[in-house]
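First residue of the sequence shown? That's 125 in the numbering used here, and the numbers climb one at a time after it. Below you'll find the structure, written out as structure tokens, and then a few comments.
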Amino acid sequence: MALPPILQNLRIPVVGSPLFIISNPDLVIAQCKAGIVGSFPALNAREKDGEPIMLEAWLKRITEELDRHNQANPDNPAAPFAVNQIVHRSNTRLERDLEICHKWKVPIWITSLGARVEVNEAAHDCGGITLHDIINNTFAKKAIEKGADGLIAVAAGAGGHAGAQSPFALVSEIREWFDGPLLLSGAIANGRSILAAQAMGADLAYIGSPFIATNEANAVPDYKDMIARHGAEDIVYSSLFTGVWGNYLKPSIARAGMDPDNLPQSDPSTMNFGQDREKPKSWKEIWGSGQGIGAIKKVQPAADLIDALAAQYADAKNEMRGIVNG
Ligand SMILES: Cc1cc2nc3c(=O)[nH]c(=O)nc-3n(C[C@H](O)[C@H](O)[C@H](O)COP(=O)(O)O)c2cc1C
Numbered sequence: 125m126a127l128p129p130i131l132q133n134l135r136i137p138v139v140g141s142p143l144f145i146i147s148n149p150d151l152v153i154a155q156c157k158a159g160i161v162g163s164f165p166a167l168n169a170r171e172k173d174g175e176p177i178m179l180e181a182w183l184k185r186i187t188e189e190l191d192r193h194n195q196a197n198p199d200n201p202a203a204p205f206a207v208n209q210i211v212h213r214s215n216t217r218l219e220r221d222l223e224i225c226h227k228w229k230v231p232i233w234i235t236s237l238g239a240r241v242e243v244n245e246a247a248h249d250c251g252g253i254t255l256h257d258i259i260n261n262t263f264a265k266k267a268i269e270k271g272a273d274g275l276i277a278v279a280a281g282a283g284g285h286a287g288a289q290s291p292f293a294l295v296s297e298i299r300e301w302f303d304g305p306l307l308l309s310g311a312i313a314n315g316r317s318i319l320a321a322q323a324m325g326a327d328l329a330y331i332g333s334p335f336i337a338t339n340e341a342n343a344v345p346d347y348k349d350m351i352a353r354h355g356a357e358d359i360v361y362s363s364l365f366t367g368v369w370g371n372y373l374k375p376s377i378a379r380a381g382m383d384p385d386n387l388p389q390s391d392p393s394t395m396n397f398g399q400d401r402e403k404p405k406s407w408k409e410i411w412g413s414g415q416g417i418g419a420i421k422k423v424q425p426a427a428d429l430i431d432a433l434a435a436q437y438a439d440a441k442n443e444m445r446g447i448v449n450g
């Protein structure tokens, strides 16, 4: 099935994925102007009681700045942006955030940690599409039953709350019954891997951790440097820090005084994904990352990273032509 028009005509088939705390309007605008979908979690627009609504301010800025770019560059328009909603019962802001996104006609809605009919309806009602992230085929079927337009397969090795399945297995099982938009995530960090995701049966690559090491990302310099200096061996899969299994940088765990190779498991009933989610003080500097960061060698502007991905993707396609024709 053809991709919905909103996902066609990207410079390269990539969505910059939402990153808790880290994604901000600067990063999203840079991603979209450079030709890939940029996104942020709605909860990153943090607010205190009595303050103006930050989410609204962010959406206004992103919409207006991309509009200005499109008027000035009609031959090179920006890619659309996406907002991520955490659909977990602990997210007490969900209903209000949906209303704001509806008002601003957000074009792409990414939903995580729960599939809900009313979220999909709100997106469709303002002309948007929804992409739901899943870690197995059962959740994928549920998401489509509840009205999602597309799926994000979060395979092993992804940053944040990663799945445990091989991308080959996950994409193959989904493609047996689903021919709609399918994104793949998990350690995709160069142009060749983007092409590999397409060869496997996905339409688009969903890339997170590499964008932590960009100038625009809202992360401390140490975190960005750690991404640029480490690789897959330095990542550990643990449920300790949020109650859900995810991938983390071992050096950040060691610095907090724990042994990253001997971590206990945690109690999932303590999960909290509301805007007031707080980590124990000693965990503040436990940093999430996928396994793909070996490809990232330096901290740079997001546009330079996207230029590099685009050049590598073009090279990979040329190389593959030899194999396909050979
Ligand atoms: C530090 C960090 C924070 C994340 N926060 C979120 C989030 O708030 N919402 C979400 O849907 N996914 C979140 N993710 C997952 C990413 O959107 C995406 O699935 C993942 O980064 C893809 O794998 P990669 O990092 O190997 O590219 C996060 C990932 C990382 C590394």
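Ideal Cβ placement from N, Cα and C applies to all residues, glycine included. As the structure is a computational prediction, the values presented were derived from the model and not from experiment.
Let me make sure I understand the geometry here. Which of the options has the alpha-carbon closest to that of residue i?
i	options	result
Glu297	Met178, Gly304, Asn260, Gly284	Asn260
Pro334	Gly418, Leu308, Asp173, Asp439	Gly418
Ala239	Glu269, Asn449, Arg220, Ser214	Glu269
Leu433	Arg220, Ser147, Ile160	Ile160
His226	Thr216, Val278, Asp257, Glu245	Glu245
Ala313	Arg299, Met324, Gly332	Gly332
Ile153	Ile186, Met125, Thr235	Ile186
Pro198	Lys157, Phe164, Asn208	Lys157
Taking DSSP as the reference, what is the three-state secondary structure of residue i?
i	result
Asn197	coil
Pro375	helix
Ser141	coil
Phe335	helix
Val360	strand
Ile136	coil
Gln424	strand
Report the rounded CA-to-CA distance for residue i versus residue j, giving the unit in angstroms.
i	j	result
Ala326	Phe292	10 Å
Val139	Glu180	22 Å
Ala288	Phe263	14 Å
Ala282	Ala352	16 Å
Ile272	Gly381	Here residue 272 turns out to be Ala, not Ile, going by the sequence shown. In a straight line, the C-alpha of Ala272 is about 42 Å away from that of Gly381.
Asp221	Ala202	24 Å
Leu183	Trp228	7 Å
Glu451	Pro176	Not covered by the structure: residue 451. The range shown for the chain is 125 to 450.
Glu219	Asp385	40 Å
Trp233	Pro142	11 Å
Would you say residue i touches ligand 1, meaning its beta carbon is less than 8 Å from a heavy atom?
i	result
His99	Because the chain spans 125 through 450 in this model, residue 99 falls outside it and cannot be assessed.
Ala169	no
Asn194	no
Leu364	no
Gly355	no
Gln322	no
Ile318	no
Asn148	no
Under a CB-based cut-off of 9 Å, is residue i close to chain D?
i	result
Ala264	The chain labelled as chain D is not found in the depicted structure, where only one protein chain is given.
> Where in the stretch 264-331 do unbroken runs of the alpha helix (DSSP H), each at least 4 residues long, occur, reported from the N-terminal end onward?
Replying inline: 291-299, 315-324
> What are the complete alpha helix (DSSP H) segments, minimum 4 residues, inside the stretch 194-256?
Replying inline: 218-227, 241-249
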